[in-house]
Amino acid sequence: PKTDTALVCDMSSDIFSRQLDFSQFDLIYAGAQKNMGPAGTTLVVVKEDTLGKVSRKIPSMLDYKVHISKDSMFNTPPVFAVYTSMLTLEWLKNLGGIKAMEEINEKKAQLLYSEIDLNPVFEGFANKEDRSNMNATFNLTNEKLKDTFDAMWKDAGINGLNGHRSVGGYRASMYNALSLESVGVLVDVMSEMERKG
Numbered sequence: 654p655k656t657d658t659a660l661v662c663d664m665s666s667d668i669f670s671r672q673l674d675f676s677q678f679d680l681i682y683a684g685a686q687k688n689m690g691p692a693g694t695t696l697v698v699v700k701e702d703t704l705g706k707v708s709r710k711i712p713s714m715l716d717y718k719v720h721i722s723k724d725s726m727f728n729t730p731p732v733f734a735v736y737t738s739m740l741t742l743e744w745l746k747n748l749g750g751i752k753a754m755e756e757i758n759e760k761k762a763q764l765l766y767s768e769i770d771l772n773p774v775f776e777g778f779a780n781k782e783d784r785s786n787m788n789a790t791f792n793l794t795n796e797k798l799k800d801t802f803d804a805m806w807k808d809a810g811i812n813g814l815n816g817h818r819s820v821g822g823y824r825a826s827m828y829n830a831l832s833l834e835s836v837g838v839l840v841d842v843m844s845e846m847e848r849k850g
């Protein structure tokens, strides 16, 4: 969106998952743990002219101007985290870059959302125009099937499908490292649930 104030974006869930015009943002931050590297690593991209506009004292560890002035070496960097993030970025580049990753992610999302929409056992939470390619949220149309479905996806080797504790239901994360074939396993389980349902 076009704004008169600085546009800051948390891209933790979808950094490097799709092509994007980064010039529209004044500051982007992304926790690496979903698409780029190990937990505890954060990528920050900031327009330098955005900085230095506050009069209050900012602790040096939180002051991006300090980090920029030291070429991002103000303190000892987390070497393992930087190294593993580099390996992930090399993998992404060898795959064909962000454009190729976006195409794969669109196929994964389309496969799962098609099953959610066509299978009468399930219903999606998000409006179709607001759906994420990284996290699909859905629920059973009949809660009596919960124990059966939970046993089925666990037996198929799927982990972490439970929805957020405040919403319930199910949340299928489809971050970059998750293959199209993995999404296919979940879709097969959902199709089998319809046959049993």
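Under our numbering, the letters of the sequence shown match residues 654 to 850, in that order. In this text, a Cβ means the ideal position worked out from N, Cα and C, and glycines have one as well. Given the structure is predicted, the values throughout are model-derived calculations rather than measurements.
Distance CB(residue i)-CB(residue j) smaller than 8 Å
i	j	result
G636	G810	No answer is possible for residue 636: the residues shown for the chain start at 654 and end at 850.
L696	A685	yes
F775	T794	yes
A734	G693	yes
T703	L680	yes
N792	S844	no
Residue i - DSSP class collapsed to helix/strand/coil
i	result
Y828	coil
L673	coil
T658	coil
V707	coil
T694	coil
V719	helix
F733	helix
S725	coil
Identified DSSP bridge partners for residue i
i	result
D663	Y682
Y823	F791, N815
V699	L680
Supposed close pair residue i, residue j - CB separation, criterion 8 Å
i	j	result
L745	F669	6 Å
S738	G690	3 Å
Quiz prompt | Unbroken stretches of the beta strand (DSSP E), 3 residues or longer, contained in the region 745-818 | solution = 775-777, 788-793
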